[in-house]
Amino acid sequence: MADSFSSDSQTGGYSASMKDELETLRAELAELKAEQADLQLLYEATIEHGEAVEDQLAENNQLLLETQRRLEAELADAGRYVLSILPEPRSEGPKADWLLVPSTELGGDSFGYHDLDSDHFAIYLIDVCGHGVGAALLSVSIINVLRSCALPETDFRIPSDVLFKLNNAFPMERQNNMFFTIWYGVFQRSTGKLSYASGGHPAAVLLPVAKDAGAFSLIGTSEGMVIGAIEDMTFDQSDVSVRSGDRLLVLSDGTYEVDDLEGDVLSLEGLANEALAADRSIPSHILEWVQKKSGQSELPDDYSMIEFQF
């Protein structure tokens, strides 16, 4: 009897233990099911939120594309306007041809030429620091002032006077700290005299009618003060005689301040010698020469050059 009692007690003990373990497992299972339900709800909410985020991103991307297209269209319109204010090529007295290739949609280079009277012919090229909308706006403002002779009390036949008045009319502090360089010349038909002044701008290149190697003159210097830096700054003026058939290249530093394939910077003198060998439009010839020497189809700065033939 004792042995039977002991066996029942042990069996009963095992049943209670298993029952407790089963209850524990059931509780854990219920807890896992609850967690799974919570995770399912979180997953569904995440999916729903992700779809909403994707929809919002798609909408924002569309708005960005539309804004980009609008900005590109406006930049194209601005670029066409800048080109529209440039003068037409001339076929006589003196002849003029030019090329402008901005390094971006809008650059800071611009130029012009026109008759001041029956005997005097003005020539000018400006280079505003930087690129983009700000540089282009300032460039256009300056060109409009020059071509309309809109500087008060200025004798536009005297280059040094023009630069003095421009310097005071466009101070850097009123132009978002932007300055510009300029080459300004006046050709007098009756005397064959070319008067010129430079404000921090590269020299122009005078090519004689006889194309002897090395037979060129650099007209001006880039060592002068830029326009807009110091109030009441004066600028030197010089004169040179030109003959019928001589050519004059007025240009920006973007036409030659480019690294060649050996890592050396092209020079204005090298450009002048290359121009002497040109048998067609010099601006186009020099552009191809610079692209070949540098190995670059797109140049790092604005390329602008005017070719005059007297």
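Every position in the sequence shown, counted from 1, becomes a number in my numbering once 1194 is added.
We treat Cβ as the ideally placed atom computed from N, Cα and C, and that holds for glycine.
Since this is a predicted model, take the numbers as computed values, not measurements.
CA-to-CA distance, residue j to residue i, given in whole angstroms
i                  : j                  : result
glycine 1301       : tyrosine 1237      : 53 Å
phenylalanine 1410 : leucine 1465       : 11 Å
serine 1304        : glutamate 1268     : 19 Å
glycine 1489       : leucine 1455       : 6 Å
glutamate 1492     : isoleucine 1421    : 28 Å
serine 1316        : glycine 1439       : Note on residue identity: the sequence assigns alanine, not serine, to residue 1316. Whole-angstrom Cα-Cα distance: 18 Å.
glycine 1206       : threonine 1218     : For glycine 1206, the predicted structure reports a pLDDT of 49, less than 50, and the residue's modelled location is therefore unreliable. A value from the coordinates is still provided. Rounded to the nearest angstrom, the two C-alpha atoms are 19 Å apart.
serine 1335        : threonine 1385     : 32 Å
aspartate 1271     : phenylalanine 1502 : 29 Å
leucine 1332       : tyrosine 1497      : 18 Å
serine 1172        : glutamate 1222     : No answer is possible for residue 1172: the residues shown for the chain start at 1195 and end at 1504.
glutamate 1367     : alanine 1239       : 56 Å
lysine 1289        : glutamine 1250     : 59 Å
proline 1283       : alanine 1404       : 24 Å
serine 1200        : arginine 1220      : In this prediction, serine 1200 scores a pLDDT of 43, lower than 50, which makes its location untrustworthy; the coordinate-derived value is nonetheless stated afterwards. Distance between the alpha carbons of serine 1200 and arginine 1220 is about 30 Å.
alanine 1344       : serine 1285        : 27 Å
valine 1327        : arginine 1341      : 21 Å
serine 1278        : glutamate 1266     : 18 Å
alanine 1471       : arginine 1437      : 19 Å
valine 1434        : leucine 1412       : 11 Å
glutamate 1347     : valine 1339        : 13 Å
serine 1211        : glutamine 1234     : 34 Å
glutamate 1242     : glutamate 1248     : 10 Å
glutamine 1204     : glycine 1244       : Below a pLDDT of 50, predicted positions are generally treated as unreliable, and glutamine 1204, at 45, falls in that range; the measurement from the model is reported next regardless. Using only the alpha carbons, I get a separation of about 59 Å.
Cβ-heavy atom distance, residue i to the ligand GTP, below 6 Å
i           : result
serine 1498 : Ligands displayed in this structure: none; no statement on the ligand GTP is therefore possible.
Residues of its chain near residue i, where Cβ-Cβ distance is below 6 Å and the 5 sequence neighbours each way are ignored
i               : result
tryptophan 1483 : Glu1468
leucine 1360    : Ile1421
glycine 1475    : According to the sequence provided, residue 1475 is serine. The question's glycine does not apply to it. Hits under 6 Å: Asp1291.
glutamate 1299  : Leu1269 and Gly1273
glutamine 1230  : none
8 Å CB neighbourhood of residue i in its chain, flanking five on each side removed
i               : result
glycine 1414    : Trp1377, Tyr1390, Ala1391, Ser1392, His1395, Pro1396, Ala1397, Ala1398 and Ser1432
glycine 1287    : Phe1315 and Arg1383
valine 1295     : Leu1481, Leu1493, Asp1496, Tyr1497 and Ser1498
methionine 1427 : Phe1358, Asn1361 and Met1419
valine 1186     : Lying outside 1195 to 1504, the shown extent of the chain, residue 1186 is not represented and no answer is given.
lysine 1487     : Val1452, Asp1454, Leu1455 and Leu1460
Integer Cβ distance of residue i from residue j, believed to fall under 8 Å
i              : j                  : result
aspartate 1447 : phenylalanine 1374 : Not quite, the Cβ-Cβ distance comes to about 12 Å (not below 8 Å), so this is no contact.
aspartate 1495 : glutamate 1425     : The Cβ separation is near 28 Å, so there is no contact.
leucine 1481   : leucine 1442       : The pair is not a contact, with the Cβ atoms about 18 Å apart (cut-off 8 Å).
alanine 1356   : phenylalanine 1350 : The identity of residue 1356 in the sequence shown is valine, whereas the question assumes alanine. Their Cβ separation, rounded to whole angstroms, is 6 Å, which keeps valine 1356 and phenylalanine 1350 in contact under 8 Å.
proline 1281   : tyrosine 1307      : 6 Å
valine 1444    : isoleucine 1352    : Actually they are not in contact, since the Cβ atoms of valine 1444 and isoleucine 1352 sit about 18 Å apart, beyond 8 Å.
serine 1354    : histidine 1325     : About 29 Å; that fails the 8 Å criterion.
serine 1461    : leucine 1293       : About 20 Å; that fails the 8 Å criterion.
alanine 1329   : cysteine 1323      : 7 Å
Beta-bridge partners of residue i, as assigned by DSSP
i                  : result
phenylalanine 1381 : Phe1315 and Leu1388
tyrosine 1237      : Tyrosine 1237 is not bridged to any residue.
alanine 1290       : Arg1284 and Phe1502
valine 1295        : Tyr1497
leucine 1265       : For leucine 1265, which the question treats as bridged, DSSP gives no partner whatsoever.
tyrosine 1307      : Ile1317
glutamine 1435     : The question names glutamine, but residue 1435 is serine in the sequence shown. Serine 1435 pairs with Lys1387.
phenylalanine 1375 : This sequence places threonine at residue 1375; phenylalanine is not what is there. Paired residues: Asp1321.
isoleucine 1476    : In DSSP, isoleucine 1476 forms no bridge with anything.
Cβ neighbours of residue i in the same chain (closer than 7 Å, five flanking residues each side left out)
i              : result
alanine 1423   : Met1366 and Phe1373
glutamine 1369 : Leu1332 and Gly1422
Within-7 Å CB hit, residue i to chain B
i           : result
serine 1285 : No chain B appears in this structure, which consists of one protein chain only.
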